[in-house]
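Colleague: Chains as they are written, first to last, in my numbering: chain A, 8 to 356; chain B, 8 to 356. No residue lacks a Cβ here, since even glycine has one placed at the ideal position from N, Cα and C.
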């Protein structure tokens, strides 16, 4: 049956794609074999992230971008990620209904992702589904996130190109947005730009861009443990000075609901992708993504090997009374637990 | 110097508390010894979480609650957690200024926490700072979170009692809030209840409470790996049926800005704490917290031992070309990496 899935997937059957994504998303039996197979076939798709505050019109813009790519004969995958769910699960559903015409197109594959068991899991799940879509042969992958929190930043880092979508109303809060969104943006969109304040917002973004170097912070390794996160600022400066023709993020105006400016975004994304390829940044970003991916898989495997083991869980339960009495600390118990787990942690399953 | 810090801390010097929290928050040298010392002294403080959507008036309510406890002669620690930062770091600062009279009180200790390196880190950091405050002898710890996302849920789980703060305007979205906030709430507050819609919101919450069993989902183990997260719903049902006199979350009205209803909240929190003690739920929750704490420390230690090791990082760099070429997958490389790391992972540092 699993052989059959792989064969159907390789033959480009859309039902096999849906099933493969389900297997991967739920980490069902065979998901490692599936992702392993997918890994060797990735690298063709262009991965585009769309991030911004709620109400900025990201879904409408995503649908517009999707239609533009379809008109060029390209196939499109859309991953809509809502890290705030289960708390605000309603918003995304509305967005999906608005995209209905796109959803019925056989050249489009849409998947929604909400919070999985663990928090770190969302960007990991996004990466995995991107790999499956990429391996299936999808030309463009649009990753839409609902909000502007830390999880969205992590997800944006999984894309080749990051589009930050703002609206004239964002102007008031742009100072507070600066630290996060400004640093990941490859392209800025001032959406709903037929409203008052669009020019002012555009100016503010451009002033802010003048204040920073050409390289974005995302071109340095992610924070993993103490050492990997050290000297991030220094590395960013070095990256900028090495790279004479640094990318200056354009600030584009759109009215996504009227399909205005979408062609300009498509053009800017193409230009950005050519820049990524020519400058070597694409290779660097993909290498960073692979490094982070291995780190994720290592940590996930270690976690599963430890906590899926009944003996480990039983051992921990038996230590709880000591802990409650204050005769042991979480640190001494953790040391003991790791000390007894060498076989478990290092045994390839 | 470190001996001196421990001595000053034990002597109840407030400067030592501030320094101890800094050491713990930044995981500086000696933080394990400090938390180990703190661990044996915890268990006295009552930990109260305040969660709800932005704009619900949580900070004003937190300040009011703090004043009420101070009037009773109790000392108070306040931890304000903003998981959305660095994106919206502005909000919390404003809230802190509004609490200024409270901040100047020597019987009050306030600490703000924003996103740390890794995501899971925030609830872990909150727990650690709670332990330090508890060990220092603080009577009440108020944990205020800014939003209603998954991180806030994790943080709310670290408290003994969880207060969910809503406003009449929340009524429209209460269906979508249900899945998350409803399940962690021990007490509901309808704040700004002098506005229209307060009665309607209260009714809606009470209808919703009628639809669920008495036990809250938080009384079952957290999701760690596949096995621990299984059968959560079943365990919640069992917990409910075991516990005949289940706690029914009261729905209270407040106007925090006028200090109305705060006394009622203090009374409800006292009543809830007595219920927790009498029913054995306090013991269960604290045991769950200890179990989760060990899991956190184990995972954090494993991560640091792996990624702080220059040899491991070098080994991973050398495997990247194979990965890029598709000759290896993240899964095979992860297996190899763990297989070579037995000594590293199990060696007590």
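#1: What are the start and end residues of the alpha helix (DSSP H) that includes residue 27 (chain B)?
#2: Which partner residues does residue 88 (chain B) have in the DSSP bridge list?
#3: Beta carbon of residue 172 (chain A), beta carbon of residue 59 (chain A): below 7 angstroms?
#4: Taking C-beta pairs closer than 7 angstroms, name the residues in chain B that residue 355 (chain A) reaches, listed in chain order.
#5: Could you tell me the boundaries of the beta strand (DSSP E) in which residue 56 (chain B) lies?
#6: Below 8 angstroms, how does it come out for the region 132-142 of chain A and the region 319-328 of chain A: are there three or more Cβ pairs, yes or no?
#7: Does residue 169 (chain B) pass the burial test, meaning 16 or more other C-beta atoms within 10 Å, or should it be called exposed?
#8: So residue 133 (chain A) packs on residue 82 (chain A), CB below 8 angstroms; how close in whole Å?
#9: Can you check DSSP and say which residues form a bridge with residue 196 (chain B)?
#10: Taking buried to mean at least 16 other C-beta atoms within 10 Å of its own C-beta, is residue 222 (chain B) buried or exposed?
#11: Please decide whether residue 37 (chain A) counts as near chain B, where near means a Cβ-Cβ distance under 7 angstroms.
#12: Going by DSSP in three states, residue 202 (chain B) sits in which element: helix, strand or coil?
#13: For residue 35 (chain B), which three-state DSSP category applies?
#14: So residue 307 (chain B) is in the alpha helix (DSSP H); what residue range does that whole segment cover?
#15: Could you tell me whether the region 198-218 of chain B touches the region 252-270 of chain B, using the rule of 3 or more Cβ pairs below 8 angstroms?
#16: In chain order, what residues of the same chain have a beta carbon less than 6 angstroms from the beta carbon of residue 351 (chain A), not counting five sequence neighbours either side?
#17: Does residue 349 (chain B) come within less than 7 angstroms of chain A when only Cβ atoms are used?
#18: Just to confirm, are residue 275 (chain A) and residue 68 (chain A) a CB contact at a threshold of 7 angstroms?
#19: Pairing CB atoms from the region 14-21 of chain B with CB atoms from the region 331-351 of chain A, are three or more of them under 8 angstroms?
#20: Looking at C-alpha atoms only, which residue of A:174, A:198, A:309 and A:162 is the closest neighbour of residue 191 (chain A)?
#21: Confirm, please, whether the CB-CB distance from residue 49 (chain B) to residue 414 (chain B) is below 7 angstroms.
#22: When the Cα atoms are used, what is the spatial distance from residue 204 (chain B) to residue 177 (chain B)?
#23: For residue 115 (chain A), which residues from the same chain have a beta carbon less than 8 angstroms from its beta carbon, with the 5 sequence-adjacent residues on both sides left out?
#24: Among residues of its own chain, excluding the 5 on either side of residue 329 (chain A), which ones have a beta-carbon nearer than 6 angstroms to its beta-carbon?
#25: What does residue 323 (chain A) touch in chain B if you count any residue whose Cβ is under 7 angstroms from its own?
#26: DSSP three-state label for residue 269 (chain A), please.
#27: With a CB to CB cut of under 6 angstroms and the five nearest residues on each side skipped, what residues in its chain are close to residue 148 (chain A)?
#28: Which residue from A:159, A:144 and A:266 puts its Cα closest to that of residue 200 (chain A)?
#29: So which residues of chain A does residue 132 (chain B) contact, with C-beta pairs closer than 7 angstroms?
#30: Output the distance between the C-alpha atoms of residue 340 (chain A) and residue 295 (chain B), rounded to the nearest integer angstrom.
#31: Counting only C-beta atoms, is residue 336 (chain B) closer than 7 angstroms to chain A at any point?
#32: Quickly, what does DSSP pair residue 83 (chain B) with across the bridge? List them, please.
#33: Expressed to the nearest angstrom, what Euclidean distance is found between the alpha-carbon atoms of residue 314 (chain A) and residue 188 (chain B)?
#34: Could you list which residues in chain B have their beta carbon closer than 9 angstroms to that of residue 333 (chain A), in chain order?
#35: Beta carbons nearer than 7 angstroms to chain A: which residues of the region 12-27 of chain B have them?
Modeller: With the structure as the only source:
#1: 21-32
#2: B:120 and B:152
#3: yes
#4: 342 and 346
#5: 53-58
#6: no
#7: buried
#8: Wrong, their Cβ atoms sit about 19 angstroms apart, outside the cutoff.
#9: B:172 and B:259
#10: Confidence at residue 222 (chain B) is low in this model, with a pLDDT of 44, below 50, so the placement of that residue should be treated as unreliable; the coordinate-derived value is given next. Per the 10 Å Cβ criterion, buried.
#11: no
#12: coil
#13: coil
#14: 288-314
#15: yes
#16: 312 and 316
#17: yes
#18: no
#19: no
#20: A:162
#21: Beyond the ends of chain B as shown, which are 8 and 356, falls residue 414 (chain B); an answer cannot be given.
#22: 9 angstroms
#23: 73, 77, 82, 83, 84, 85 and 109
#24: 335
#25: 298 and 301
#26: helix
#27: 52, 54, 84, 137 and 140
#28: A:266
#29: Chain A residues near residue 132 (chain B): none, gap ~13 angstroms exceeds 7 angstroms.
#30: 15 angstroms
#31: yes
#32: B:115 and B:147
#33: 27 angstroms
#34: 46, 47, 48, 49 and 50
#35: none
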